[in-house]
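Visitor:
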Amino acid sequence: MVLTSLSAPRLIRSTRPLALSLAPRSRTYASFNSTPTPSGAPVDYDIVIVGGGPVGLALANAFAACKTVLASDTRISVLDAAPLDQLAHWNLPSGEWSNRVSSVTNENISFLQNIGVWQHIDTSRTNALERMEVWDGLSDARIIFDAADACDPSELISGAIPQMARFVENIHLQRAMLQNLQSKSNVDLLGSTRVESIASDPANRPIISMNNGKLFRARLLIGADGFNSPVKTYAKITSTGWNYDAHCVVGTLELEPSHSNYTAWQRFLTTGPLGFLPLSDQHASLAWSTKPKIAAGLKSLTSETLASAINACFALPHSVIEPLLSQIASHSPDHPIDSTTVQSEIDYQTSLANSSGQATNSPDELPPKVLKARMNTVASFPLRMFHADQYIGSISSDEPSFRGPSRVALVGDAAHVLHPMAGQGLNLGLGDARELARTVKVALENGQDIGGLTALQPYARSRYLNNHAVMATVDKLHKLYSLKASPIVWARSIGVEVLNEIPSLKNLMMGNAGGNTGQKVGGAWSTVADAYETIEKVKYLSTGLTQMGLGALSSTFQRATSRN
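Take the sequence shown: its letters are residues 1 to 564, numbered as in full-length UniProt numbering.
Structure follows, in structure tokens:
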């Protein structure tokens, strides 16, 4: 592996405004110059991956681990604007955490083990997800998923504890992937390298021009470069979707010590889901999706007051939370809110709720108490859902009848961006990497052109509909829990409570959510969304309700989950 780094900006950002949230659906192009004709002699690579995030690096590792790729002397390059040499040596002291954390399913852990990446993970910086508790902020209807309930003990390795997934910092994954690539001679890494333009040579091979003056030519160009993807723009692939009127607030939380912090918690407030991801016995990661003004107000609070707001929004009734969040949303740069005033209001409302018995105080029904938030890790980002209209591109031509080789494939956020409530963005991207590596392997074995449409179509067929189904499910869940209408709240609450009493259905949902290797339990938050996934599953649930004498409820539930 060759690793180089030049001084350059870290991120490539679009200069074109994103679609307004007022328009429910829109098509977007990332702003990018893809027309200049490069000069000079390009360096030839078989595969060029633009993007050195977890998905792009996982794909590079999958190629490097493939015997077919090695035997064919396939040359691979990875380009990224970030300083990859520094990421390869990333380190934080024990007890400090990055604010971007993902749940990696059992299926994807197995994939990372097979390509040699997981062996470089410091497991002391990961944490098992053994249990999930998710509940409605209006009705308190609750569903609980426990890995032990869905696991066949005979399939566990001796001494192993069932888990749905493991929480890992994204940058930790990148470090492990970069370390594994250090011994791979067929992969070159170029950090601090920004793509300036992409053009086609006379044979329709993409030529990538970089800010360091270098030119690369590829048989297959892979976009792992995020939503504003230069590769996607070069291939003239549009994305369809919308922006949510929401931001996700993330950060590291310090907790009262707990002896078994392996449960993830999520409460669906009407302003968005509040998520608590366990990192260790004394730390958790915050993932709070909420309105942009509330997000700005939360970030302006002191460490202790933000911690109090989190505790309150897990424990207090909706009637108290709504005015509290309205007070926080009143923050503006010209009129900042006073943390002392907010803290006093939280203390007062908590006291009233406790005395009236409205607060949830059982330790079995709440996450560990948050003592403070580490404000240097607290940040937010806007939420959206966009799906590329295709995953592989065909070179355009003035002749409508001409259709050249694709030579472009998209993976990860370049192909799909979804709401983080289900924690499935990275898992979908790793699934893309796994399938694209398999597709290229088959193409090489069959003597095909790895950039040709025929070679790449199996990848698109395998991943597109699968990803779209997950995205649609998460979007439907987001919309369903944003509604306040009493019939909808009643229907979704009864439906969830009935589901919680049907272990076989819950186990089926967990088994379908990404953990079909080893322990046969899987994915984090998307298990909840699976309750609303596809007409067939809704019909299955409706049939069960009808058999229980709840035919009217089954009809209401179907209408509630399909109206959006």
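Even glycine gets a Cβ: it sits at the ideal position worked out from N, Cα and C.
Small disclaimer: the values here were computed from a predicted structure and weren't measured.
Going by C-alpha distance, which of 205, 267, 378 is nearest residue 307?
Guide: Among 205, 267, 378, the Cα nearest to that of residue 307 is on 378.
Visitor: Could you give the DSSP three-state label for residue 452: helix, strand or coil?
Guide: Looking at residue 452 - three-state DSSP - the assignment turns out to be coil, as it is neither helix nor strand.
Visitor: Which same chain residues end up closer than 7 Å to residue 161 when comparing Cβ atoms and leaving out the 5 residues on each side of it in sequence?
Guide: Closer than 7 Å at Cβ, skipping near neighbours: 128, 130.
Visitor: Thinking C-alpha only, which one of 375, 451, 349, 424 is nearest residue 410?
Guide: The shortest C-alpha separation from residue 410 is found at 451.
Visitor: Which residue marks the beginning of the beta strand (DSSP E) containing residue 48, and which one marks its end?
Guide: Segment 43–50, the beta strand (DSSP E) holding residue 48.
Visitor: Let's see if you can read the secondary structure: which residues bound the alpha helix (DSSP H) around residue 171?
Guide: Residue 171 -> alpha helix (DSSP H) spans 170–181.
Visitor: Could you compute how far the alpha carbon of residue 480 sits from the alpha carbon of residue 165?
Guide: Near 25 Å, if we compare the C-alpha coordinates of residue 165 and residue 480.
Visitor: Kindly indicate which three-state DSSP category residue 386 falls into: helix, strand or coil?
Guide: Strand.
Visitor: Cβ atoms of residue 199 and residue 47: under 8 Å apart, would you say?
Guide: Against a cut-off of 8 Å, the Cβ pair of residue 199 and residue 47 comes out as no contact.
Visitor: For residue 317, I'd like the list of residues in its chain whose CB is within less than 8 Å of its CB, leaving aside the five on either flank, ordered along the chain.
Guide: Around residue 317: 353, 358, 359.
Visitor: Which stretch, first to last residue, makes up the alpha helix (DSSP H) that contains residue 586?
Guide: This structure leaves residue 586 out entirely; the chain is present only between 1 and 564.
Visitor: In terms of residues, what are the limits of the beta strand (DSSP E) holding residue 313?
Guide: Where residue 313 is concerned, there is no enclosing beta strand (DSSP E), although the alpha helix (DSSP H) it sits in stretches over 303–315.
Visitor: Counting Cβ pairs closer than 8 Å, one from the segment 275–295 and one from the segment 243–258, do we hit at least three?
Guide: Counting Cβ pairs under 8 Å, three or more are found: they touch.
Visitor: Residues in the same chain with beta-carbon distance under 6 Å from residue 137, minus the five sequence neighbours each way, listed in chain order, please.
Guide: Once the five neighbours on either side are set aside, the close Cβ partners of residue 137 are 267, 268, 269, 318.
Visitor: Does the segment 375–393 touch the segment 413–429, meaning 3 or more C-beta pairs lie closer than 8 Å?
Guide: At 8 Å Cβ cutoff, the stretches touch.
Visitor: Which same chain residues, not among the five before or five after residue 339, have their C-beta less than 6 Å away from its C-beta?
Guide: 301, 302, 305.
Visitor: In the DSSP assignment, the alpha helix (DSSP H) including residue 227 goes from what residue to what residue?
Guide: Looking at the DSSP string, residue 227 is not in any alpha helix (DSSP H), and its letter there is neither H nor E.
Visitor: Could you name the residues of the same chain whose beta carbon sits closer than 6 Å to that of residue 5, not counting the 5 residues immediately before and after it, in chain order?
Guide: For residue 5, the pLDDT reaches just 39, beneath the cut-off of 50, and the residue's location in the model is therefore unreliable, although a value from the coordinates is still provided. Once the five neighbours on either side are set aside, the close Cβ partners of residue 5 are 83, 85, 191, 192.
Visitor: State the Cα-Cα distance for the pair residue 259 and residue 281, rounded to the nearest angstrom.
Guide: The straight-line gap from Cα to Cα measures roughly 6 Å.
Visitor: How is residue 332 classed by DSSP in three states: helix, strand or coil?
Guide: If DSSP states are grouped into helix, strand and coil, residue 332 belongs with coil.
Visitor: Return yes when the Cβ of residue 215 is within less than 8 Å of the Cβ of residue 52, no when it is not.
Guide: No.
Visitor: With a threshold of 16 other CB atoms inside 10 Å of the CB of residue 67, please say whether the residue is buried or exposed.
Guide: Exposed, because fewer than 16 other Cβ atoms sit within 10 Å of the Cβ of residue 67.
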